[in-house]
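Quick note on numbering: the sequence shown equals residues 31 to 224 in the working numbering. The beta-carbon is built from N, C-alpha and C at its ideal position, and this holds for glycine as well. First up is the structure itself, then whatever we jot down about it.
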Amino acid sequence: MLAALVAATQVAAFALSFSVVTTLEDAVAGLPVSLAVLSSYDGTTYAMFAAELAAGIVTIVWLWRSRTFAEHAAPGWHHARPRTWVWLGWMLPVVAFWFPYQVVRDVRAATLRGNRPGLAPWWAAWIVAAIASQLSGRALSSGEPDLWSALPVLDGIGATAFVAAAVLWARIVREVAAGQRAAVAAATQPSPGS
């Protein structure tokens with residue numbers, strides 16, 4: 031749900047970005063402008079930050095619990111990263127580009143007992159969304175009118191990637207949760223002849 035909210039705020043920012051560029055260009059040209067569009071765009075970016083923070087916290091808590099479950103359900107399963115990287119991997123520069131992917135991959139594989147395809151598109155969408163979001167913020171704050179025109183393109187790429195990442199993430203969460211329920215059901219079933 032929170033992933034969908036993050037995606038929705040990015041889509042809203044994309045929708046507003048065209049008017050933002052026009053307003054900024056008009057202001058530079060000395061034309062009278064209304065700051066309402068800029069205020070709306072700023073409000074959307076603040077809402078997106080809050081949604082990303084909430085989604086990040088929920089994701090890390092869920093992933094921590096899922097990792098703990100995976101360790102108990104498959105004690106011999108090799109995880110590429112120690113459990114502390116479940117939360118630390120998302121926060122540290124450079125390693126944030128691949129450690130979270132490895133953690134999710136290993137939790138999913140241990141829970142579902144085997145490698146399954148399908149994580150690369152989610153992770154690629156997430157990385158593209160994060161980079162586009164950063165570049166969008168830099169373009170807007172640059173003070174360079176030539177860079178402002180890139181805002182709708184960057185916000186459009188970010189919105190598309192955020193939507194794709196949210197949809198794929200929801201699928202991963204449902205898949206792991208179903209695997210956890212199946213493991214609990216199998217462990218609590220009485221053995222034949224009991």
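Sub-8 Å separation of residue i and residue j beta-carbons
i      : j      : result
Ser47  : Asp136 : no
Ile202 : Trp152 : yes
Leu181 : Val58  : no
Thr39  : Ala77  : yes
Leu93  : Val116 : yes
Trp199 : Ala33  : yes
Ala191 : Ala155 : yes
Val63  : Thr53  : yes
Ala37  : Ala196 : yes
Ala104 : Arg138 : no
Trp107 : Ala160 : no
Val133 : Gly119 : yes
Outcome for residue i when other beta-carbon atoms lying within 10 angstroms are tallied against a minimum of 16
i      : result
Ser96  : buried
His102 : exposed
Ala150 : exposed
Arg168 : exposed
Ala213 : buried
Val193 : buried
Ser166 : buried
Ala43  : buried
Ala85  : buried
Spatially closest choice to residue i from the options, by CA coordinates
i      : options                       : result
Arg113 : Phe129, Pro123, Val124        : Phe129
Tyr71  : Pro62, Ala191, Ser171, Ala110 : Ser171
Ile157 : Arg168, Ala140, Val125        : Val125
Pro175 : Val41, Arg204, Asp56, Phe44   : Asp56
Ile100 : Gly209, Ala85, Gln219         : It should be pointed out that residue 100 corresponds to Ala in this sequence rather than to Ile. Among Gly209, Ala85, Gln219, the Cα nearest to that of Ala100 belongs to Gly209.
Leu35  : Phe79, Leu61, Ser69, Ser166   : Phe79
Val206 : Arg146, Phe127, Arg111        : Arg146
Ile90  : Leu177, Tyr131, Ala110        : Tyr131
Ala45  : Leu68, Gly60, Leu61           : Leu68
N-terminal and C-terminal residue of the alpha helix (DSSP H) that residue i is part of
i      : result
Leu118 : 115-121
Met78  : 66-103
Ala59  : First-last for Ala59: undefined, no H or E at that position.
Val193 : 181-218
Arg138 : 129-142
Ala162 : 149-171
Trp107 : Note, Trp107: premise wrong, no alpha helix (DSSP H); not H, not E.
Pro175 : 175-178
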